[in-house]
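One structure below.
Residue numbers (my numbering): 1093 to 1248.
Shown next as structure tokens:
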């Protein structure tokens, strides 16, 4: 599986090896397969641009997913996930959670959207949260969670 990781932000140091492991673990645990997927780390202006362009909402958000191919394609491009580390920084400060764990959760959330999960209805939202926590526990148990030091954290 080809995993493209594009980092176009300067707020958090991103460990590409760990991101690759997270992606592989989520897809494997969901018993899915794909040939290609991309994870983009972007700044607030870019996530806002995408949010307004595709969802008519100018507010910053944590992640946006764009599925590409269906399951019946010979070569399956799962899609693209755009993640905003600045949003994770703001959330972690406001809620007292680890910024890298929050960012890991955003990656998992975006991938689950690509794999068919949704969070529009209350029932779907509950299923999404259960899946997120299952995957977060899985990657944490394997030591495959993003980490960083305070020196790597740039104020948003």
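The beta carbon of each residue, even a glycine, is placed where N, CA and C say it ideally should be.
Everything numeric in this text was worked out from a predicted model, so none of it was measured.
Cβ neighbour criterion (16 or more within 10 Å) applied to residue i
i: residue 1101; result: buried
i: residue 1189; result: exposed
i: residue 1150; result: exposed
i: residue 1137; result: exposed
i: residue 1148; result: exposed
i: residue 1222; result: exposed
i: residue 1185; result: exposed
Extent of the continuous beta strand (DSSP E) run through residue i
i: residue 1181; result: Run containing residue 1181: none in the beta strand (DSSP E); it sits in the alpha helix (DSSP H), 1177-1187.
i: residue 1233; result: Where residue 1233 is concerned, there is no enclosing beta strand (DSSP E), although the alpha helix (DSSP H) it sits in stretches over 1214-1233.
i: residue 1097; result: 1094-1100
Among the options, nearest to residue i - alpha-carbon criterion
i: residue 1120; options: 1187, 1231 and 1181; result: 1231
i: residue 1169; options: 1233, 1124 and 1217; result: 1124
i: residue 1161; options: 1174, 1095, 1129 and 1098; result: 1129
Separation of residue j from residue i, as counted between CA atoms
i: residue 1134; j: residue 1106; result: 11 angstroms
i: residue 1226; j: residue 1200; result: 10 angstroms
Endpoints, alpha helix (DSSP H) assigned at residue i
i: residue 1156; result: From DSSP, residue 1156 is part of no alpha helix (DSSP H) but of the beta strand (DSSP E) over 1155-1159.
i: residue 1199; result: 1191-1206
Quiz item: What runs of the beta strand (DSSP E), each 3 residues or longer, lie entirely inside the segment 1102-1153?
Solution: 1128-1134
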